[in-house]
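Trainee: Before anything else, here's the structure in question.
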Amino acid sequence: MTAQVDPLLQVWETRAGAHPIERALALLAAVWPERDEQSWAQTSIGARDAYLLTLRETLFGATLETTTRCPSCGEQLESSFSTTDIRMPPDAATAGLHFGAQGYDIRFRVPNSADVLAVSGAPTDAAALALLQRCTLAIRRFGDAIEVAQLPPEIAAELGLRMAAADPGADIRIGRHCPA
0 MTAQVDPLLQ VWETRAGAHP IERALALLAA VWPERDEQSW AQTSIGARDA YLLTLRETLF
60 GATLETTTRC PSCGEQLESS FSTTDIRMPP DAATAGLHFG AQGYDIRFRV PNSADVLAVS
120 GAPTDAAALA LLQRCTLAIR RFGDAIEVAQ LPPEIAAELG LRMAAADPGA DIRIGRHCPA
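Rendered as structure tokens:
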């Protein structure tokens, strides 16, 4: 990949007021024009973010310098790490996934940017349910078709965990230890 600065600056300027996910998709389409924004929007979150890390490395290097405040005491915490420390290889199996439990037979796929954008304005609980609905391909209970909203909370929670496990690069969390 060779990042061209002019198209990237143009995307950054023309999409300044856009949702951050829309800006990311536009940047990816500018750097890898063989795929348009809609195609990038259908890419798993983990794969999308791996490409964004590659773009970041090309433009600014692999070292990430961060600062944040400790949520407990307010102490400023600084850290430095490499993009390779947080890059997860995208799993090839992100669609047509399946699990069964307690008589439920569930087929699903992992969320993508289009899914997240579609639920982004909803309250947290409604967004979580809508995301599960968008990513669930079929649910059967003892052979009968049912809806996501009919799932018991523990099965819906397991479905969310299975989606997260299938795309480990979608939710990278960095642990910090406050010396204070």
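Taking our numbering, the leading residue of the sequence shown gets 0, the next gets one more, and so forth. Glycine is no exception: its CB is placed at the ideal position from the N, C-alpha and C atoms.
Across the stretch 125-140 and the stretch 32-43, are there enough close Cβ pairs to call them in contact, namely three or more that are closer than 8 Å?
Mentor: With the cut-off at 8 Å, the stretch 125-140 and the stretch 32-43 do not touch.
Trainee: Among the residues of its own chain, which have a CB less than 6 Å from the CB of ARG175, if the five just before and after it don't count?
Mentor: Result list for ARG175: LEU76, in chain order.
Trainee: Around the Cβ of ALA148, are there at least 16 other Cβ atoms within 10 angstroms (buried) or fewer (exposed)?
Mentor: Label assigned to ALA148: exposed.
Trainee: Could you give the distance in angstroms between the alpha-carbon of LEU52 and the alpha-carbon of ARG86?
Mentor: Cα to Cα, LEU52 sits roughly 7 Å from ARG86.
Trainee: With SER43 as the anchor, note down where its beta strand (DSSP E) starts and where it stops.
Mentor: Where SER43 is concerned, there is no enclosing beta strand (DSSP E), given that its DSSP letter is neither H nor E.
Trainee: Starting from the N-terminal side, write out each stretch of the alpha helix (DSSP H) that is 4 residues or longer and does not extend beyond the stretch 62-129.
Mentor: Listed in chain order, they are 82-85 and 112-118.
Trainee: Out of ARG139, PRO167, ALA23 and CYS177, which has the shortest C-alpha to C-alpha gap to HIS97?
Mentor: Closest by alpha carbon: ARG139.
Trainee: How is ILE171 classed by DSSP in three states: helix, strand or coil?
Mentor: Coil, per DSSP.
Trainee: Helix or strand or just coil, what does DSSP make of ARG139?
Mentor: Strand at ARG139.
Trainee: Specify whether the stretch 164-171 and the stretch 43-51 touch according to this definition: at least 3 beta carbon pairs, one from each stretch, less than 8 Å apart.
Mentor: Touching, yes, given that three or more Cβ pairs across the two stretches are closer than 8 Å.
Trainee: By how many angstroms is the C-alpha of PHE80 removed from the C-alpha of THR62?
Mentor: If you take the alpha carbons of THR62 and PHE80, they lie about 6 Å apart.
Trainee: Just mark ALA164 as buried or exposed, buried being the case when its beta carbon has 16 or more other beta carbons within 10 Å.
Mentor: Counting Cβ neighbours within 10 Å, ALA164 comes out exposed, since fewer than 16 surround it.
Trainee: In chain order, what residues of the same chain have a beta carbon less than 6 Å from the beta carbon of TYR103, not counting five sequence neighbours either side?
Mentor: Within the same chain, TYR103 has close Cβ partners ARG140 and ILE154.
Trainee: Is the beta carbon of ARG108 less than 9 Å from the beta carbon of ALA94?
Mentor: Yes.
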